[in-house]
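Going letter by letter, the sequence shown gives residues 133 to 266 in the numbering used here.
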Amino acid sequence: MSYYRPFSCLMCIIFIVVGFIFLFFSESVLVFFNTIASRAGMQQAPIQGIDFYLVLAVGYMYLVSLLAYLMHAHPGNATFPMLLTNAKLASSVMSLAFFIVHRPYPIYLTNCIVDGVIGLLTLYFYLQIRKTQT
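Take a look at the structure:
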């Protein structure tokens, strides 16, 4: 558990940075992944029409940043890592489903892996906290 507070602080910082990237450079993120898609012979994601989803993405990044901060501020409270675990694993599963069912965009696969890893790490910390509470 000695890594819990540094992990949650790092996640908070990363989520805030990613939220700002989504807010101010959202088109650049898609262009970057479309470049990868083009080089890998994969389909490119459309860039038009993302404004509404940008609002949702930035709101989501705010929420996960807040959860990571609360994990850091209240390391004995299992509720915050449980909520972050659910958010990240839901995002990961949905990204994988979209990669398989919708289109094999690299951004879907990347989000599946990144959020899956974060979700599993957060699940580990959640379980460790729960173990100390019983």
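Note that beta-carbon positions come from the ideal geometry of N, C-alpha and C, so glycine has one too.
If you draw a straight line from the Cα of Cys244 to the Cα of Thr264, it is about 30 Å long. In this structure Val196 does not touch Phe139 by the C-beta definition: roughly 13 Å separates them, more than the 8 Å allowed.
Put simply, the backbone Cα of Phe257 is about 24 Å away from that of Gly191. The C-beta distance from Ile153 to Val161 rounds to 6 Å, short enough to fall under 8 Å.
For the segment 133-184, there is no continuous beta strand (DSSP E) assignment of 3+ residues that stays within its boundaries. Setting aside the 5 residues that flank it on each side, Leu186 is surrounded in the same chain by Ser158, each with a C-beta closer than 6 Å to its C-beta; the list follows chain order. Apart from sequence neighbours up to five positions away, the residues of its chain that approach Ser223 with a beta-carbon distance below 7 Å are Asn243 and Asp247, ordered along the chain.
Apart from sequence neighbours up to five positions away, the residues of its chain that approach Ala189 with a beta-carbon distance below 7 Å are Phe154, ordered along the chain.
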